[in-house]
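Residue numbers (the numbering used here): 185 to 403.
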């Protein structure tokens, strides 16, 4: 079966890509995913500071995954100095660098990441649902790179169509749908405690359970 497709101007062997998350958190993990036959690779989201991710941070059952993940635990300089240059040498497929979050973050990161990225995925998870603010972030990125820009849409965005129009009008090229759904919570009933999560006990939901939400937003 021929699964070849074109995304962001790149011809891919197939449309399968990893989500930005723990499976693509460092060089060895990204190369492992690449060797499993994906059409392109995506990094874990890089920001201006390294994240302190709670442990445990992942819980899964048959039809869902819950996570208390954040962005990359590695400082941006580790990506810039070591990981991304090695990926550029080793990869034979497009490298999409995931970045977050604010205009100031973009102004610092994009020029440093641009030499290594074929395209950028941009997380808006921590900037709320103000489309005008997100539009300013898109414009800032476009002023700093000629590479394709794909804006990640959180499920709390009230107007998906308006979001997509805003991305296009401000120089973006695509929308990534969707981010994980939350906050949610997992409770250990027998021990009467929250199983895991952030400082508030919150986690975010992904996996097959959120597919209907994603389909509705895409539709």
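All C-beta atoms, glycine included, are put in the ideal place defined by N, C-alpha and C.
Query, Result
"Report the rounded CA-to-CA distance for residue 364 versus residue 286, giving the unit in angstroms.", "19 Å"
"Out of 254, 247, 223 and 206, which one is the CA nearest neighbour of residue 232?", "254"
"At which residues does the alpha helix (DSSP H) containing residue 392 begin and terminate?", "No alpha helix (DSSP H) holds residue 392; DSSP gives it neither H nor E."
"Bridge partners for residue 369 per DSSP, in chain order?", "DSSP, once it has assigned bridges, lists no residue as partnering residue 369."
"Are the beta-carbon atoms belonging to residue 282 and residue 330 less than 8 Å from one another?", "no"
"With a cut-off of 8 Å on the beta carbons, I'd call residue 321 and residue 294 a contact; round off their distance for me.", "That belief does not hold up - the Cβ atoms of residue 321 and residue 294 are roughly 11 Å apart, past 8 Å."
"Using the DSSP secondary-structure output, state which residues sit across from residue 181 in a beta bridge.", "Lying before the first or after the last residue shown, residue 181 is absent from the chain, which here runs from 185 to 403."
"Could you pull the start and end residues of the alpha helix (DSSP H) that residue 328 belongs to?", "315-328"
"Quick one: what's residue 283 bridged to in DSSP?", "230 and 306"
"Three-state secondary structure (DSSP) at residue 249?", "strand"
"Give the secondary structure of residue 277 by DSSP, where H, G and I count as helix, E and B as strand, and everything else as coil.", "coil"
"Would you say residue 336 and residue 311 are within 8 Å of each other, going by their C-beta atoms?", "no"
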